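K.L.:
Residue numbers (the working numbering), protein chains in the order written: chain A, 459 to 709; chain B, 89 to 171.
1) Anyone know if the C-beta pair for residue 95 of chain B and residue 131 of chain B falls short of 9 Å?
2) Take residue 565 of chain A as the anchor and find which of A:532, A:642 and A:618 has the nearest alpha-carbon.
3) Taking C-beta pairs closer than 8 Å, name the residues in chain A that residue 109 of chain B reaches, listed in chain order.
4) Distance check for residue 570 of chain A and residue 516 of chain A, CA to CA, integer angstroms please.
5) Using the Cα positions of residue 520 of chain A and residue 496 of chain A, report the straight-line distance between them to the nearest angstrom.
6) Could you round the C-beta distance between residue 160 of chain B and residue 540 of chain A to whole angstroms and report it? I think they count as a contact, below 8 Å.
7) Taking the alpha carbon of residue 93 of chain B as the reference point, which residue from B:137, B:126 and B:151 has its own alpha carbon closest?
8) Using a Cβ-Cβ cut-off of 8 Å (strictly less than) and excluding sequence neighbours within five positions of residue 638 of chain A, which residues of its own chain qualify?
9) Buried or exposed, going by whether 16 or more other CB atoms sit within 10 Å of the CB of residue 567 of chain A?
10) Mark residue 170 of chain B as exposed unless 16 or more other C-beta atoms lie within 10 angstroms of its C-beta, in which case mark it buried.
11) Would you decide whether residue 689 of chain A is buried or exposed? Buried here means 16 or more other CB atoms lie within 10 Å of its CB.
12) So the alpha helix (DSSP H) residue 684 of chain A belongs to, where does it begin and stop?
13) Looking only at C-alpha atoms, which of A:597, A:577 and A:485 sits nearest to residue 556 of chain A?
14) Among A:508, A:525, A:481 and A:486, which one has its Cα closest to the Cα of residue 673 of chain A?
15) In whole angstroms, what is the alpha-carbon distance linking residue 681 of chain A and residue 529 of chain A?
16) Do residue 561 of chain A and residue 522 of chain A have their C-beta atoms within less than 9 Å of each other?
17) State the Cα-Cα distance for the pair residue 684 of chain A and residue 162 of chain B, rounded to the nearest angstrom.
18) Which residues of chain A have a Cβ atom closer than 9 Å to the Cβ of residue 105 of chain B, listed in chain order?
19) For residue 600 of chain A, would you say it is in contact with chain B, using Cβ-to-Cβ distances shorter than 9 Å as the test?
20) Report whether the distance from the Cβ of residue 699 of chain A to the nearest heavy atom of the ligand ZN is below 8 Å.
21) Any Cβ of chain B within less than 9 Å of the Cβ of residue 543 of chain A?
22) Within 10 Å of its beta-carbon, does residue 105 of chain B have 16 or more other beta-carbons around it, so buried, or fewer, so exposed?
23) Using a Cβ-Cβ distance cut-off of 9 Å, determine whether residue 663 of chain A contacts chain B.
24) Closer than 8 Å by C-beta to residue 136 of chain B: which residues in its own chain qualify, once you throw out the five before and the five after it? Chain order, please.
25) Taking contact to mean at least 3 C-beta pairs separated by less than 8 Å, is the stretch 661–672 of chain A in contact with the stretch 597–611 of chain A?
26) Is the stretch 639–657 of chain A in contact with the stretch 618–628 of chain A, if contact means three or more CB pairs nearer than 8 Å?
27) Measure the alpha-carbon distance for residue 461 of chain A versus residue 502 of chain A and round it to whole angstroms.
28) Using three-state DSSP, classify residue 131 of chain B as helix, strand or coil.
29) Going by the CB atoms, is the gap between residue 700 of chain A and residue 597 of chain A shorter than 9 Å?
30) Kindly indicate if chain B contains any beta-carbon less than 9 Å away from that of residue 552 of chain A.
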């Protein structure tokens, strides 16, 4: 079985040893949509994708974790609010805050789960125009020193897929000022703010740079023929960044 | 059986997109007296038996920890209603 081939149903963990030897977990909650795309992106970057179930409390010795997009628990209560209390999330929060600083990437609903978990500040509310939106979105890399962005150039503009309904990033002015002053706005929207997010924020990082959350979807832009404009692969850098980080090659 | 009602509202400084859509729809139905709408959430927690101070304290804690997100919402009311 090749690194990018995957079964239509069942466990998507990579069967054979991957290129880098790095093991990256992908968490599945009830209502998660993009776990298989995230696992595929991880394999295409050269790592082993490890399937993690929300109800388990064992991180399976993974080197990093992706919390993928979707609608965990149907977005009931608030997006990400119920998923936050899953046993797997408690493990991830502890590992991210530990000295080992487990790299964690939250995409879309995963970003919402990270804010509900208080790993990242602020919160997401409904898009200011109230519509679900799906489009190719240009982002600017505002911080290329995080575990998930070190393979981009500072200020580089990338195009990946945006698709969400509750994508409007909000926080109080003091928090927003601090995020900007400390370089913790990792990605910003370019050209057009698609959801009313404060300060055009598309993604943020924690102070240590190991936890990153963003609304758009890099895992949908990793393979020519399927990404933005049918050619875009700008999202692959997130996954190669964490591999570089794990082997100690971070800038 | 008694219920504990918890009311949660978006913080005043947070723009409420749903409320904004509703206030836009009201005049189209002839309701012209309302200049602003803010949409919140009401939770009803049913208690089997008597509502003790301890149970009420649990409800207040659940309201802060799960039912609301303090970044964007305020718990504006926690009260017991008897049927």
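For glycine and all other residues, C-beta sits at the position ideal for the given N, C-alpha and C.
Values in this document were obtained by computation on a predicted structure and should not be read as measured data.
P.N.:
The short version:
1) Walking along the second chain from the start, residue 95 of chain B turns up at place 7. Walking along the second chain from the start, residue 131 of chain B turns up at place 43. Yes, the Cβ-Cβ distance between residue 95 of chain B and residue 131 of chain B is below 9 Å.
2) The residue given as residue 565 of chain A occupies position 107 in the first chain. Ranking the options by Cα distance to residue 565 of chain A, first place goes to A:618.
3) Taking the second chain and counting its residues from 1, the one referred to as residue 109 of chain B is at position 21. Around residue 109 of chain B, the beta-carbon contacts reaching into chain A at under 8 Å are 588.
4) Translated into the one-based positions of the first chain, residue 516 of chain A becomes position 58. Translated into the one-based positions of the first chain, residue 570 of chain A becomes position 112. Whole-angstrom Cα-Cα distance: 22 Å.
5) Translated into positions along the first chain, residue 520 of chain A becomes position 62. Translated into positions along the first chain, residue 496 of chain A becomes position 38. Taking the straight line joining both Cα atoms gives about 15 Å.
6) For the purposes of this step, residue 160 of chain B is identified with residue 72 of the second chain, where counting begins at 1. For the purposes of this step, residue 540 of chain A is identified with residue 82 of the first chain, where counting begins at 1. In this structure residue 160 of chain B does not touch residue 540 of chain A by the C-beta definition: roughly 16 Å separates them, more than the 8 Å allowed.
7) The residue you call residue 93 of chain B lines up with position 5 of the second chain. Nearest C-alpha to residue 93 of chain B: B:151.
8) Here residue 638 of chain A refers to the residue found at position 180 when the first chain is read from its first residue. Around residue 638 of chain A: 657.
9) In the first chain, residue 567 of chain A corresponds to position 109, counting from 1. Answer is buried; the Cβ neighbour count reaches 16.
10) Within the second chain, numbered from 1, the residue matching residue 170 of chain B stands at position 82. Residue 170 of chain B should be labelled exposed.
11) Sequence index remark: in the first chain, residue 689 of chain A carries index 231 (1-based). Exposed is the call here.
12) To locate residue 684 of chain A, count along the first chain from 1; it is residue 226. Residue 684 of chain A: not part of any alpha helix (DSSP H); DSSP gives it neither H nor E.
13) As a first step, residue 556 of chain A must be located in the first chain, where it is residue number 98. Distances from the alpha-carbon of residue 556 of chain A to those of A:597, A:577 and A:485 put A:577 closest.
14) Along the first chain, read from residue 1 onward, the residue named residue 673 of chain A stands at position 215. Here the closest residue by C-alpha is A:525.
15) Against the first chain, residue 681 of chain A aligns to sequence position 223. Against the first chain, residue 529 of chain A aligns to sequence position 71. For residue 681 of chain A and residue 529 of chain A, the distance between alpha carbons rounds to 24 Å.
16) Sequence index remark: in the first chain, residue 561 of chain A carries index 103 (1-based). Sequence index remark: in the first chain, residue 522 of chain A carries index 64 (1-based). Going by C-beta atoms, residue 561 of chain A is nearer than 9 Å to residue 522 of chain A.
17) On the first chain, residue 684 of chain A is found 226 positions in, with the first residue counted as 1. On the second chain, residue 162 of chain B is found 74 positions in, with the first residue counted as 1. Between the alpha carbons of residue 684 of chain A and residue 162 of chain B lies a distance of about 43 Å.
18) As a position in the second chain, residue 105 of chain B is number 17, starting the count at 1. Residue 105 of chain B reaches chain A at 583, 584, 585, 586, 587, 588, 626 and 654, counting residues in chain order whose Cβ is nearer than 9 Å.
19) On the first chain, residue 600 of chain A is found 142 positions in, with the first residue counted as 1. Not one chain B Cβ lies under 9 Å of residue 600 of chain A.
20) Here there are no bound small molecules, and the ligand ZN is not part of this structure.
21) The count along the first chain starts at 1 and reaches residue 543 of chain A at position 85. So yes, residue 543 of chain A belongs to the interface.
22) Walking along the second chain from the start, residue 105 of chain B turns up at place 17. The residue is buried, with at least 16 neighbouring Cβ atoms inside 10 Å.
23) As a first step, residue 663 of chain A is located in the first chain; it is residue number 205 there, counting from the start. Output row for residue 663 of chain A: interface = no.
24) Looking up residue 136 of chain B in the second chain gives position 48. These residues qualify, in order along the chain: 89.
25) Output reads yes: the stretch 597–611 of chain A touches the stretch 661–672 of chain A.
26) Enough Cβ pairs lie closer than 8 Å, so yes.
27) Looking up residue 461 of chain A in the first chain gives position 3. Looking up residue 502 of chain A in the first chain gives position 44. A caution first: residue 461 of chain A carries a pLDDT of 47, below 50, which makes its placement in the model too unreliable to give a value.
28) Indexing the second chain from 1 puts residue 131 of chain B at position 43. In the displayed model, residue 131 of chain B falls within a strand according to three-state DSSP.
29) Looking up residue 597 of chain A in the first chain gives position 139. Looking up residue 700 of chain A in the first chain gives position 242. Going by C-beta atoms, residue 597 of chain A is not nearer than 9 Å to residue 700 of chain A.
30) Mapped onto the first chain, residue 552 of chain A falls at position 94. It does not: the Cβ of residue 552 of chain A has no partner Cβ on chain B nearer than 9 Å.
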